[in-house]
Every structure is written in C-alpha cells, then in structure tokens.
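Participant: What follows is a single structure, and I will ask about it in a moment.
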Amino acid sequence: MVYAMAMILLVEDDRIITAALSRALTDAGHVVRPVGRAADALKIVTDERPDLVILDLGLPDIDGTDALRMMRSVSDVPVIVATARRSEADIISLLSAGADDYVTKPFSGGHILARISAVLRRSRAATTEAPSAITVGDLMINPRQRRAELRGEPLQLTRREFDVLAYLAERVGQVISRRELMNEVWNQARIGEEQTIDVHISWLRRKLGETAAQPRFLHTVRGVGVMMVDPR
16 MVYAMAMILL VEDDRIITAA LSRALTDAGH VVRPVGRAAD ALKIVTDERP
66 DLVILDLGLP DIDGTDALRM MRSVSDVPVI VATARRSEAD IISLLSAGAD
116 DYVTKPFSGG HILARISAVL RRSRAATTEA PSAITVGDLM INPRQRRAEL
166 RGEPLQLTRR EFDVLAYLAE RVGQVISRRE LMNEVWNQAR IGEEQTIDVH
216 ISWLRRKLGE TAAQPRFLHT VRGVGVMMVD PR
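For reference, each letter of the sequence shown is one residue, going 16 to 247 in the numbering used here.
Spelled out as structure tokens, the structure:
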C-alpha cells in the first residue's frame with residue numbers, strides 16, 4: 016500500500032518503461048513527471064521540488080551516477096535508483112553518490128511501489144516527528160532542518176548518512192545492531208545486506224574526524240553493533 020500521494024520525478028529514457036511505470040504510479044494515486052534526460056531532471060529538482068525521484072542510470076546525456084551526485088549538490092530529495100547493475104561495488108558506489116534506495120531491473124510495479132512507500136514514509140516521519148535539536152558533545156544535529164554541525168562547522172552529509180547519525184544520536188549510550196539500523200532507518204530487512212551499514216558508519220567516521228581504531232562518537236561493539244557516545 017502506497018503511503019500517500021506524491022509528486023514523483025521519473026527519469027527514464029526508455030519510452031516503454033516510462034509508459035508502464037507512469038501508469039502504475041498514476042494508478043496508485045501519484046503525480047508523475049516523466050523526463051528522459053538528466054539535464055531536464057536537474058532543472059525540475061531545483062525548480063519544482065518533487066517529493067521523490069526514480070532515476071535510471073542509462074541516460075543519453077549524463078551518466079546516471081554523475082546525475083545523482085549533481086542532484087545531491089542542490090537537493091535532499093529522496094532518490095530511488097533503477098539499475099541493471101548488481102555487484103556489491105556498484106551498489107556501494109550508488110549509495111556513496113547519495114541514493115536512498117535502489118531496485119534492480121527487471122522489477123514489477125508492485126515492487127517499486129513498495130519501495131516508494133517505504134522511502135516516503137521514512138522521509139515524512141523524519142520531518143514531522145523529529146526533535147528540534149540534539150547535542151552530543153560538540154556535535155549538533157537538527158533533524159527537522161536536516162542539518163548537522165561539528166564544532167560549529169556544517170557537516171556535508173548524504174540523506175542516508177544524516178538519517179543514521181540522527182538515529183544513533185537520539186539513542187546515546189545504547190548499542191544499536193546493524194539489523195535494527197537496516198529495519199528502522201532503511202525500513203527494510205534485507206538478508207545479507209547489513210554491510211551497507213558498515214559502509215555508512217565508515218563514511219560518517221571520516222566526516223566526524225575519527226576512525227574505527229580511535230573513535231570519539233561512534234564506537235563499535237564487536238559482534239553486536241554500534242553505539243553513539245558523548246566524548247565529554
């Protein structure tokens with residue numbers, strides 16, 4: 016069941032796929048804005064502020080991964096990538112570029128609608144239910160504004176990095192398992208994909224100026240999970 020009507024930007028140059036997806040999304044109550052070029056998608060993301068983007072990687076003008084990075088430089092809109100790439104390295108690259116989720120081709124209309132529902136639910140809940148500010152040592156997180164600062168300097172975080180950081184910061188001193196993060200932050204329970212969590216924790220550590228060997232905020236509890244600690 017789809018969470019609620021949304022304006023969805025569909026970036027896909029295959030007309031047959033565009034028609035089928037547009038029909039499925041419209042039947043589910045969404046408003047669809049289809050485009051076939053990355054340049055047009057970037058303009059719409061900037062000017063029209065869609066609720067969610069479905070981004071195909073095989074675009075005629077700009078590589079899809081590059082287009083994703085460009086989107087992330089101007090917007091925090093949730094992005095689901097549609098890709099035929101299946102290797103772990105490719106998926107890690109997409110997550111690093113700022114994807115919120117991905118689907119591998121071929122996929123059914125029901126599959127993409129379920130993913131859309133989960134991403135929208137997570138995104139909207141984070142905005143409406145989040146506390147105004149969380150302070151952990153010299154780290155300040157504002158979930159409502161989706162802004163984080165370390166020693167007064169803004170942190171440049173992807174959407175998913177921010178979601179993980181905020182989830183842990185709201186539970187300082189609690190050990191959070193990778194499975195819990197996958198369930199609660201990704202709203203999924205994909206068997207065998209918990210390594211995605213490790214990748215995001217590694218990226219967060221780098222941006223927080225720490226390492227796994229010398230942590231300040233993010234402490235790994237071997238065999239259990241990760242815990243946010245106030246370093247003061």
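In this text, a Cβ means the ideal position worked out from N, Cα and C, and glycines have one as well.
Does DSSP put T173 in a helix, a strand or coil?
Facilitator: Coil at T173, not helix or strand.
Participant: For the beta strand (DSSP E) that contains S192, what are its first and last residues?
Facilitator: That run of the beta strand (DSSP E) goes V190 to S192.
Participant: From D28 to A97, what distance separates their C-alpha atoms?
Facilitator: Roughly 12 Å between the two C-alpha positions.
Participant: Between A56 and V94, what straight-line distance do the alpha-carbon atoms span, to the nearest angstrom?
Facilitator: Going from the Cα of A56 to the Cα of V94 covers about 12 Å.
Participant: Between which two residues does the alpha helix (DSSP H) carrying R215 extend?
Facilitator: Note on identity: in this sequence residue 215 is His, with Arg being the wrong assignment. That run of the alpha helix (DSSP H) goes Q210 to K222.
Participant: Shortest alpha-carbon distance to T173 belongs to which of G224, G152, L109 and D153?
Facilitator: Minimum Cα distance to T173 is reached at L109.
Participant: Would the beta-carbon of L128 fall within 8 Å of that of A21?
Facilitator: Not closer than 8 Å, so no.
Participant: Compare the C-alpha of T61 against each of V92, R237 and I69 and name the closest.
Facilitator: Taking only the C-alpha atoms, the option nearest T61 is V92.
Participant: Quick check: what's the CA-CA separation for R101 versus T119?
Facilitator: So the alpha carbons of these two residues sit roughly 7 Å apart.
Participant: Report all residues from its chain with a CB closer than 6 Å to the CB of G152; omit the five preceding and five following residues, and keep chain order.
Facilitator: So the list reads D245, P246 and R247, once near-sequence residues are dropped.
Participant: Please report the residue range of the beta strand (DSSP E) in which E164 lies.
Facilitator: Run containing E164: R162 to L165, per the beta strand (DSSP E) assignment.
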